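Q: Let me give you the structure first, and then I'll get to my questions.
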Amino acid sequence: MTSTRQLTERDREARATANEGLPTLGFDTATPYDDYVGTATLHRLQRTVTDAPEELAFLVTTQVMELYFGLLRSEWQLAQRQLDDDDAAAAIVTIKRTVRHFEALNAAWASLSWLTPAQFNRFRDALGEASGFQSALYRHVEFLLGSKSEALIRPHRRNAEAYRELVEALARPSLYDSVLAFLARSGHAIPPAAVRRDYAADYEPRPEVEAVWVEVYGGPLAPLAEALTELAEQFSDWRYRHLMAVRRSMGAKPGSGGSSGLSWLEKSMRREIFPELWTARTLM
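To convert a position in the sequence shown, counted from 1, into the numbering used here, add 640.
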């Protein structure tokens, strides 16, 4: 006859076997995952202003994009520091990583690709003058890519921190400026005027810089040129997807923030970043 003690031991063994491989299930407070990610805070940030079912998707997608803007800003500032330290290998890794970030950011437009004018109109008026045009982080991203405009920081004057950061970014070198300064220090014939310039002003393409990129493509820094090219391509894709999302959901109506909407985006698309990287290809 099997004893009660033997049954108890077998029961324990069976339970131990059944629970093998299970994650930790007991915590004194919130789970470490929730603490680290801040899930409770994140999910409290979706405060819609209408009952339109489409608005939540619009808001969540916009918030996801803002998080990616902050990530891109941090990464490109890191790449600039690496270039300033003449660590091209590290900068290439960082820039190539941001190409992947941009792929995910661009894919976020798919969450709004179904939005028709009728669906957008259900909540658009309730947004008042709110517009993606007013995103301080996106403006910072554009400044880091060299697309600068002093006028576009004016909407942020009432937000002291955002305004200060944009004023500083306007006056600081862009990522492309940091690349050109690195190439100059590396012995390439970058003209001094391309490095020591007014960083708040529009960058003027130069044939000398174009010639340097042709030279770079024949040497060990070619991966840097390609990483920047991939990044520029992803940014162009972002602009195009933005344009098409606006075109699909509201046509040529004026933007809610006072811009001309579609025509403004079309004009923005014509402002090319890293210009000599593209024109140099004709000379190769």
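Where a beta carbon is used, it is the ideal one built from N, C-alpha and C, also for glycine.
Quick caveat, the model's predicted, so the values are computed rather than measured.
Below 8 Å, can you find three or more Cβ-Cβ pairs linking the region 742–753 to the region 771–786?
A: no
Q: Assuming contact is defined by CB atoms lying nearer than 8 Å, are residue 728 and residue 861 in contact in what I supplied?
A: The residue given as residue 728 occupies position 88 in the sequence shown. The residue given as residue 861 occupies position 221 in the sequence shown. In this structure, residue 861 lies closer than 8 Å to residue 728 by Cβ.
Q: Between the C-alpha atoms of residue 641 and residue 662, what's the straight-line distance to the nearest angstrom?
A: Counting from 1 along the sequence shown, the entry for residue 641 is found at position 1. Counting from 1 along the sequence shown, the entry for residue 662 is found at position 22. Its pLDDT being 49, under 50, residue 641 is placed unreliably in this model, and the coordinates cannot settle the point.
Q: Looking at the secondary structure, which residues open and close the alpha helix (DSSP H) in which residue 742 lies?
A: In the sequence shown, counting from the first residue as 1, residue 742 sits at position 102. It spans 728–747 - the alpha helix (DSSP H) in which residue 742 sits, taken as one unbroken run.
Q: With a threshold of 16 other CB atoms inside 10 Å of the CB of residue 708, please say whether the residue is buried or exposed.
A: Against the sequence shown, residue 708 aligns to sequence position 68. Residue 708 comes out buried.
Q: DSSP three-state label for residue 830, please.
A: Here residue 830 is taken as the residue at index 190 of the sequence shown, counted from 1. DSSP, reduced to helix, strand and coil, places residue 830 outside both helices and strands of the structure shown, so it counts as coil.
Q: Put residue 641 into one of helix, strand or coil per three-state DSSP.
A: The residue you call residue 641 lines up with position 1 of the sequence shown. Any reading at residue 641 needs caution, since the residue's pLDDT is 49, under 50, leaving its predicted position unreliable; the model's value is listed next. Residue 641: coil per DSSP, three-state reduction.
Q: Determine, using beta carbons only, whether residue 815 and residue 716 come nearer to each other than 8 Å.
A: To locate residue 815, count along the sequence shown from 1; it is residue 175. To locate residue 716, count along the sequence shown from 1; it is residue 76. Yes, the Cβ-Cβ distance between residue 815 and residue 716 is below 8 Å.
Q: List in chain order: all unbroken alpha helix (DSSP H) runs of 4+ residues lying wholly within the region 648–725.
A: 672–677, 679–684, 693–724, all fully within the region 648–725.
Q: Roughly how many whole angstroms lie between the Cα atoms of residue 923 and residue 855?
A: Stepping through the sequence shown from its first residue, residue 923 is reached at position 283. Stepping through the sequence shown from its first residue, residue 855 is reached at position 215. In a straight line, the C-alpha of residue 923 is about 10 Å away from that of residue 855.
Q: Tell me the residue span of the alpha helix (DSSP H) that contains residue 761.
A: As a first step, residue 761 is located in the sequence shown; it is residue number 121 there, counting from the start. Counting along the chain, the alpha helix (DSSP H) containing residue 761 begins and ends at 757–764.
Q: Can you tell me where the alpha helix (DSSP H) holding residue 922 begins and where it ends?
A: By 1-based counting over the sequence shown, the position of residue 922 is 282. No alpha helix (DSSP H) contains residue 922, which DSSP labels as neither H nor E.
Q: Who are the near neighbours of residue 796 in its chain, counting only those whose CB is closer than 7 Å to its CB and skipping five residues on each side?
A: Start at 1 with the first residue of the sequence shown, and residue 796 comes out as number 156. Only 776, 802, 803, 806 meet the Cβ criterion.
Q: DSSP three-state call for residue 769: helix, strand or coil?
A: By one-based count along the sequence shown, residue 769 stands at place 129. Correct three-state label for residue 769: coil.
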